[in-house]
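Residue numbers (the UniProt record's numbering), protein chains in the order written: chain A, 1 to 762; chain B, 1 to 762.
Don't be surprised by glycine CBs; every beta carbon is placed ideally from N, CA and C.
So the structure is just underneath, and the comments pick up after that.
Protein chains: 2
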Amino acid sequence: MKNTLKASMLVEGNFGLEKENLRVNSDGTLAFSPHPAALGDKLTHPYITTDFSESQVEMITPVQDTIEEAVGFLHTLHNIVEESLENEELLWPQSMPPILPIDEETIPIANFGEQGKELEEYRQYLSKVYGKRKQLVSGIHFNISFPEELLALLYQEKKSEEVSYEQFREGIYMKAAANYMKNHWFVIALLGGSPAIHASYSQYVCKSKTAHTEKGCVSPLASSFRIGKCGYRNEREFILDYSSYERYKESLQELITHKVINSEKENYSALRIKENPNNGAISHLEVRHIDLNPFEASGVSAIDLRIVHLVMLYGLLEEDKEFNEQAQRRAHEYQLTAADRGRDPQAMVSVAGEKEQSFQEVLADFAERFLKELPQDLPIAYQEAIDHLKGLLEQPEQRLASKITASFDTPEMFIQWHLEQSRKHREEAEGKNYNFYGKKDLELSTQLLMKEAVKRGVKVELLDRSENFITLSKGEKKEYVVQATKTSLDSYSHILMMENKVVTKKVLKAAGIQAPEGNEFTDAQKAKDFFGLVKGKAIVIKPKSTNFGLGISILKENNSREDYEKAVEMAFEHDNTILTEEFVSGREFRIFVINDEVVGILHRVPANVVGDGEHTIAQLIDRKNEDPLRGKGYKTPLEKIAKGDAEALFLKTQGLTFEDIPAKDQVIYLRENSNISTGGDSIDYTDDIHPSYKAIAVEAAKAMGVKITGLDMMIDNIQAPAQPNNYSIIELNFNPAIHIHCHPYQGKNRHLDAKILDALGF
Amino acid sequence: MKNTLKASMLVEGNFGLEKENLRVNSDGTLAFSPHPAALGDKLTHPYITTDFSESQVEMITPVQDTIEEAVGFLHTLHNIVEESLENEELLWPQSMPPILPIDEETIPIANFGEQGKELEEYRQYLSKVYGKRKQLVSGIHFNISFPEELLALLYQEKKSEEVSYEQFREGIYMKAAANYMKNHWFVIALLGGSPAIHASYSQYVCKSKTAHTEKGCVSPLASSFRIGKCGYRNEREFILDYSSYERYKESLQELITHKVINSEKENYSALRIKENPNNGAISHLEVRHIDLNPFEASGVSAIDLRIVHLVMLYGLLEEDKEFNEQAQRRAHEYQLTAADRGRDPQAMVSVAGEKEQSFQEVLADFAERFLKELPQDLPIAYQEAIDHLKGLLEQPEQRLASKITASFDTPEMFIQWHLEQSRKHREEAEGKNYNFYGKKDLELSTQLLMKEAVKRGVKVELLDRSENFITLSKGEKKEYVVQATKTSLDSYSHILMMENKVVTKKVLKAAGIQAPEGNEFTDAQKAKDFFGLVKGKAIVIKPKSTNFGLGISILKENNSREDYEKAVEMAFEHDNTILTEEFVSGREFRIFVINDEVVGILHRVPANVVGDGEHTIAQLIDRKNEDPLRGKGYKTPLEKIAKGDAEALFLKTQGLTFEDIPAKDQVIYLRENSNISTGGDSIDYTDDIHPSYKAIAVEAAKAMGVKITGLDMMIDNIQAPAQPNNYSIIELNFNPAIHIHCHPYQGKNRHLDAKILDALGF
């Protein structure tokens with residue numbers, strides 16, 4: 001294919017990942033426990049189910065626009081599964097199995113209940129034909145499709161009228177499939193990650209009589225035992241017809257007719273061509289040979305997948321050449337060599353009628369052609385993948401298989417080292433479990449809601465990413481949600497009520513609920529004329545619709561007419577209606593109400609550190625900033641405390657500098673304002689506030705007719721019961737953040753993500 | 001009271017109006033028909049009910065912030081009643097009754113049904129005591145209160161600690177009441193509007209034996225027979241104690257004890273002090289002596305009410321002086337003289353122990369003091385009222401009573417002239433019945449919805465005027481509505497779906513509904529790279545969220561890469577996501593759906609005139625612009641066609657000028673765009689479109705999960721059934737205007753105001 005497109009477009013694609021991980025006990029033996037209950041019904045769960053064994057968790061990402069996102073989604077699925085594990089179980093991060101029971105019969109087949117009886121029966125059939133142990137070999141499946149608009153553009157540029165778009169499209173996929181099958185051994189040799197086998201597997205499964213298969217082995221030469229002779233593969237390799245999709249399917253059907261395999265599902269090739277059941281056209285290509293990478297929590301790295309993707313694209317750029325029987329046999333031979341002896345400098349390859357060649361030379365030759373042929377203007381992420389690939393070629397010790405075998409040298413250590421990897425991933429995940437990987441551009445609240453939905457088996461779709469606009473669906477039920485809390489539970493006019501401070505106050509007051517006393521003006525002169533009303537009082541002057549506090553002034557008791565008039569003018573710069581309100585004393589609390597129930601209460605405290613009598617303020621800040629909840633730019637539940645001019649100035653007003661050492665338990669504030677964005681702390685008070693305030697919050701939500709709201713309430717004394725003069729509701733927010741209640745600086749996770757889903761009926 | 005406030009603040013007030021009009025047949029006889037059914041249940045209707053007689057419609061405005069608004073609301077109530085009249089009935093625009101039946105018994109007492117039995121019984125009691133004819137005398141009641149913040153400010157400025165705010169407030173009201181009672185004869189003399197009586201009233205009611213009372217009369221001397229000896233008043237004037245509210249109530253109670261009157265309701269003084277039943281404090285003052293003004297559709301003019309208001313405020317500025325018995329007797333004497341002989345140069349007045357004075361001299365003296373005492377810096381509307389007052393003083397023929405008696409000179413003509421006035425008001429109203437008077441600053445859609453609500457007896461409250469934010473309530477039911485179509489019927493997330501073009505398209509397509517084909521880009525370079533996809537096609541390039549068409553480009557089939565790239569850049573200036581869409585052919589229709597039903601379909605046509613072979617284009621424009629539906633600045637359903645540069649230029653492209661005379665039936669377009677704002681026509685197609693498109697519109701609304709929406713659909717041929725290739729839905733509007741469907745240039749009023757209220761359950 002002549003490529004007329006920019007490389008940045010050529011790498012556009014749609015990507016999906018599937019991954020299996022075995023659940024193991026903390027000693028590395030296969031877990032016999034049932035699939036975690038927290039993950040819902042594995043028969044209908046769209047993302048998390050089981051593969052062959054009850055202990056073999058299967059995670060499936062939906063189609064994503066980038067490889068990074070697909071890996072991120074998989075990472076999140078992995079974290080969700082980890083969080084759901086019981087009895088100190090771990091997820092086995094290696095394709096080759098952990099310690100398997102001596103009695104194969106005890107390996108539990110996945111149980112899908114009455115409705116999933118067929119699935120169980122199929123697994124029983126597989127047990128008989130292949131044995132249970134082999135079925136436990138796990139890995140990554142990588143689904144790739146080319147975006148229709150890209151194919152349309154390629155077709156357009158071809159300007160051929162002999163071929164229909166559908167034929168053109170099929171041709172692209174068939175060429176990509178055939179050439180990938182031709183070249184995939186290259187990927188196995190470089191990226192394979194299963195160079196070791198535990199004896200509990202090898203002595204039963206591996207037919208070769210070499211020593212390592214009985215005691216297990218840690219091979220310095222192999223790249224991927226999973227793909228090799230001991231792996232999970234068709235006993236006899238077979239030849240398929242790649243000349244058209246129709247003939248491909250026919251050749252597969254012939255294998256079934258001749259009982260080589262029993263169904264298409266038993267085609268364990270490195271790549272499957274997948275079909276869209278709605279129109280019979282090719283939907284995507286499934287790359288099946290990728291091993292689990294125990295160094296990655298997600299089980300696979302984006303950079304490795306980009307190499308796979310490039311090898312596939314390289315196939316599209318190669319000249320058209322039939323993938324005939326000879327070529328297929330050569331590919332099989334190369335695959336097995338790459339798998340079992342991919343790092344062996346002595347490995348020789350040949351197929352019938354061809355002379356023997358050094359496998360490493362073959363590999364180097366391919367690499368040279370591959371690197372020469374690739375476009376030069378690839379996006380940065382792909383250029384990095386190429387650099388990475390060059391490193392693997394030049395330094396074989398950098399290959400995954402080498403890094404694994406460098407980490408341990410006995411089959412026992414094989415178990416221990418992998419368990420450690422698993423524990424390490426888990427620990428890392430726990431500190432940052434507020435993220436949905438690959439979706440970090442979304443608001444934290446949306447990430448949390450999506451994660452909880454995915455956990456429950458609720459299908460999540462991004463309808464408009466930049467707006468945090470998602471759909472949630474399960475069975476017949478479908479809900480549209482924007483920014484986590486804009487839902488169908490609230491009606492539009494009631495949202496507009498919350499948005500409008502004037503209306504909010506009128507409605508609250510009519511319901512007998514306290515809101516700041518004040519006046520509303522649509523005319524600046526009139527507002528000024530009424531100075532007499534506010535003289536000598538602490539007041540707030542603000543535009544009706546405030547955005548980020550713009551145009552708001554607070555005047556103290558000793559206010560002057562001049563200050564008042566200036567404040568009025570400033571407020572009118574932001575709206576044509578302004579409010580003058582009494583300044584309400586007390587502390588401000590965010591009270592989150594869902595369906596007439598208070599589900600979280602939060603108070604924010606200005607950025608601060610607590611002395612220990614030893615460290616300087618600067619050191620205490622650094623230490624506090626190590627909390628994984630703190631980051632920069634609203635990507636985390638809390639922000640790092642800065643050591644900037646504002647903080648230095650505020651310290652100075654207290655006669656302090658960053659280098660002072662506060663006494664033990666002395667609280668040093670770095671800021672006057674309590675915003676989270678300037679390093680403030682969020683503190684959960686859900687269980688610490690007198691119930692009367694909660695009752696008022698619920699009453700206020702009812703009066704406003706709203707189901708999801710974050711009320712801002714000033715409270716004088718949280719222990720004293722509410723009285724008309726000791727609290728005041730400042731506003732009701734129609735789009736309150738939920739993440740601050742899930743990951744506060746102090747206090748419990750109030751799981752508002754779950755509460756929102758409950759309220760939506762999922 | 002020492003006034004330290006600016007005059008602009010002093011005239012702040014809250015105002016309400018009540019008005020009675022008798023229903024008459026087209027010959028001027030009292031109508032015996034029941035209260036119009038279209039006006040709902042008069043027992044519970046908050047705005048329109050009946051007074052004494054079934055034929056005596058009573059209209060009550062809610063409290064308004066300005067006199068102008070109160071008059072406007074009354075005007076609208078009047079129009080609503082007029083529109084509801086059957087059998088060619090008219091509203092009698094004069095305080096003194098029309099032709100009454102000889103047999104008084106046939107005058108129908110208001111029937112409030114079983115639940116309103118008490119009301120009917122009270123009216124039977126009144127018939128007995130006062131006679132039915134007197135009860136038919138009609139007029140205006142004007143309710144005035146002082147805003148609390150104004151009173152608070154006055155109290156603040158007073159800086160007295162001896163008097164509580166409540167006492168201070170009561171003092172203000174009592175002084176205003178007493179002094180108004182003292183001075184109100186001045187208003188009667190100048191503004192009285194009932195100088196004529198029909199014989200069917202006078203011969204039965206008037207006890208004086210002068211000739212005019214038997215044959216009826218048209219008096220050149222009287223100002224207000226309604227307030228005079230033949231009017232509706234207490235037989236014996238009584239003295240009340242104005243020294244405090246407590247004593248005032250006691251003195252009224254004493255009259256009841258002594259059977260002078262039977263209840264407070266029978267205190268027919270020119271002013272009543274009204275109480276807030278919740279706290280027993282004075283709520284407002286009710287001025288009861290104002291006559292109907294037959295020249296005004298609303299029955300009273302704002303300028304006259306401002307004079308009344310100024311006389312009341314003048315009373316506040318007068319020095320404190322007891323309103324003792326002597327003063328009250330003097331006020332009674334002046335009142336009667338003003339009423340029966342207000343324009344009589346010979347009229348003399350005196351009370352016991354005082355020497356006789358010329359009434360006109362007394363009036364001139366009062367006027368001089370009044371004008372001198374009033375603040376100089378009154379707002380313009382009040383200054384105009386003063387100028388008007390000066391005119392009435394200097395030219396007695398300008399007084400209302402004089403203008404009435406100048407219009408006819410016999411009792412028969414009295415009937416005919418008033419019927420003519422009534423017909424004139426009605427005709428004027430019919431052409432502009434899209435307005436809610438006094439609320440013309442609101443959007444037309446909101447005005448229409450409010451008017452229909454008021455008609456149905458649904459209580460309407462403006463929660464936030466600048467946002468067109470209203471509440472509608474009836475009984476326990478309450479709804480919040482913004483801009484007429486933002487209601488509780490639609491949920492927030494579904495509104496956000498409509499607002500988002502990307503989401504809308506995805507959802508419509510998923511439901512199998514046609515929307516323009518296209519692509520979405522978040523990256524300008526990528527959009528540009530995809531030029532190949534749109535080359536040679538007519539396309540629209542637009543930002544995801546378009547506002548007023550900003551950033552939209554339309555490229556024709558011969559588009560160039562350069563134009564395309566420029567259009568992409570322009571679109572990205574307005575949003576971070578853009579859409580490139582096929583250009584859809586056909587005509588655009590706005591299809592309004594409420595609760596899964598199409599309730600209106602509209603098509604807009606560019607500004608045009610149709611030739612008659614005689615007039616120039618300029619003349620045809622002028623004639624078309626005379627339509628009361630056309631105005632300027634979105635205050636009317638259609639805009640006037642301009643004769644500006646744009647129109648001249650567009651004519652020039654057709655080889656025409658404004659001075660050309662088009663042939664008969666030739667359509668001349670003045671604009672290319674079809675916007676209503678540039679003089680376009682709105683044409684109702686509700687009954688003219690193939691039903692398949694309506695079905696699709698309903699399906700689209702269902703797919704989007706929305707209850708109120710205005711869909712924009714492109715249709716190739718409105719007679720042909722819908723096919724996948726002959727229509728396309730451009731967008732769904734979540735805040736569609738309703739007025740264009742109610743008052744189109746061509747076609748029926750589709751009463752969407754009523755349909756929205758139906759949908760809301762009112």
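Can a CB atom of chain B be found closer than 9 Å to the CB of residue i?
i                : result
Lys506 (chain A) : yes
Asn576 (chain A) : yes
Phe323 (chain A) : no
Gln378 (chain A) : The sequence given here has Leu at residue 378 (chain A), not Gln. Not one chain B Cβ lies under 9 Å of Leu378 (chain A).
Glu467 (chain A) : yes
Since residue i and residue j should fall inside the 8 Å C-beta cutoff, what is the C-beta to C-beta distance between them, to a whole number of angstroms?
i                : j                : result
Leu271 (chain A) : Met181 (chain A) : 6 Å
Tyr745 (chain B) : Leu670 (chain B) : Actually they do not touch by this definition, with Cβ atoms about 14 Å apart.
Val593 (chain B) : Ala697 (chain B) : 6 Å
Ser466 (chain B) : Thr522 (chain A) : 7 Å
Met704 (chain B) : Tyr727 (chain B) : Met704 (chain B) to Tyr727 (chain B), Cβ: 17 Å. No contact.
Does residue i get closer than 9 Å to chain A when you measure Cβ to Cβ?
i                     : result
Leu732 (chain B)      : no
Asn595 (chain B)      : no
Gly705 (chain B)      : yes
Asn14 (chain B)       : no
Thr446 (chain B)      : no
His494 (chain B)      : yes
residue 763 (chain B) : In the structure as shown, chain B begins at 1 and stops at 762. Residue 763 (chain B) is therefore absent and cannot be evaluated.
Within 10 Å of its beta-carbon, does residue i have 16 or more other beta-carbons around it, so buried, or fewer, so exposed?
i                : result
Gln421 (chain A) : buried
Trp305 (chain A) : As written in the sequence, residue 305 (chain A) is Leu, which differs from the Trp given in the question. That one is buried.
His258 (chain B) : exposed
Ile554 (chain B) : exposed
Lys451 (chain B) : buried
Leu602 (chain A) : buried
Tyr125 (chain A) : exposed
Glu354 (chain A) : exposed
Glu20 (chain A)  : buried
Glu626 (chain A) : exposed
Looking at the unbroken beta strand (DSSP E) that takes in residue i, where does it start and where does it end?
i                : result
Asn519 (chain B) : 518-521
Phe142 (chain A) : 140-145
Arg233 (chain B) : That residue, Arg233 (chain B), is in no beta strand (DSSP E); it is neither H nor E in DSSP.
Could you please give the first and the last residue of the uninterrupted alpha helix (DSSP H) stretch that includes residue i?
i                : result
Phe589 (chain A) : Where Phe589 (chain A) is concerned, there is no enclosing alpha helix (DSSP H), although the beta strand (DSSP E) it sits in stretches over 587-594.
Pro691 (chain B) : 691-704
Does the ligand ADP have a heavy atom nearer than 8 Å to the CB of residue i?
i                : result
Ala527 (chain B) : Ligands in the displayed structure: none, and consequently the ligand ADP is not present.
Inter-stretch contact at 8 Å, needing at least 3 Cβ pairs: the region 728-747 of chain B / the region 683-694 of chain B: yes
Would the region 196-204 of chain A count as touching the region 217-226 of chain A if we require 3 or more Cβ pairs under 8 Å? yes
At a cut of 8 Å, does the region 275-286 of chain B reach the region 237-244 of chain B through at least three beta carbon pairs? no
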